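K.L.:
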Amino acid sequence: MGSGDPYLDPASGVLRNTLGLTDPDEWAFAEARLSAMRLEQLALAPLPGLYDLAHLRLPPPHLRRLLPWAGELRRVNIARSPLFAAWQQIEPCAAGVFDDLKRERYLRDLGRDRFLMTAGGEALVGLFDAVLDPA
13 MGSGDPYLDP
23 ASGVLRNTLG
33 LTDPDEWAFA
43 EARLSAMRLE
53 QLALAPLPGL
63 YDLAHLRLPP
73 PHLRRLLPWA
83 GELRRVNIAR
93 SPLFAAWQQI
103 EPCAAGVFDD
113 LKRERYLRDL
123 GRDRFLMTAG
133 GEALVGLFDA
143 VLDPA
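Here's what the structure looks like:
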């Protein structure tokens, strides 16, 4: 499988992780469970912060323990979705996204539907995908 992707185990294609998991099904299960637990924690205690690129790069402790490269901007291109920017474009794109968000008052006081329809909302989803999902 050796793709030269520094985030993947070359033999299995599974994200390199501190659990030593290389079976895709075992990894998917572990990732889903850990993510679900973290979402529950965030629902109870949201993270304070500016939610800028520096903030998005601060991985939660469970992710740092699981993925040694968590919080780094990716250095390879990925193609799981057309929303993903090339790795060289992440920082310039992020500047534009955060400028848009500021201009749109950080999407405050928008209902869910309006939020999802704004360019900033779409861009923010794309930025989260680009920064946080190197797979």
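My numbering applies: residue 13 is where the sequence shown begins, and numbers increase by one. Every residue, glycine too, gets a C-beta built ideally from N, C-alpha and C. These numbers come from a predicted model, not from an experiment.
Roughly how many angstroms separate the alpha carbons of Asp64 and Leu85, rounded to a whole number?
P.N.:
Stepping through the sequence shown from its first residue, residue 64 is reached at position 52. Stepping through the sequence shown from its first residue, residue 85 is reached at position 73. Straight-line Cα distance between these residues: approximately 13 Å.
K.L.:
Rounded to a whole number of angstroms, what is the C-alpha to C-alpha distance between Ala23 and Ala97?
P.N.:
On the sequence shown, residue 23 is found 11 positions in, with the first residue counted as 1. On the sequence shown, residue 97 is found 85 positions in, with the first residue counted as 1. Cα to Cα, the separation comes out at about 26 Å.
K.L.:
What is the rounded straight-line gap between the Cα of Pro104 and the Cα of Gly123?
P.N.:
As a position in the sequence shown, residue 104 is number 92, starting the count at 1. As a position in the sequence shown, residue 123 is number 111, starting the count at 1. Answer to the nearest angstrom: the Cα atoms are 28 Å apart.
K.L.:
If you follow the alpha helix (DSSP H) that Asp111 is part of, which residue opens it and which one closes it?
P.N.:
Along the sequence shown, read from residue 1 onward, the residue named residue 111 stands at position 99. Asp111 -> alpha helix (DSSP H) spans Ile102 to Arg115.
K.L.:
In the DSSP assignment, find the alpha helix (DSSP H) that holds Asp37 and state where it starts and stops.
P.N.:
Taking the first residue of the sequence shown as position 1, residue 37 is located at position 25. Pro36 to Leu56 is the extent of the alpha helix (DSSP H) around Asp37.
K.L.:
Specify the secondary structure class of Leu27 as computed by DSSP and reduced to three states.
P.N.:
In the sequence shown, the residue the question calls residue 27 occupies position 15. It is a strand residue.
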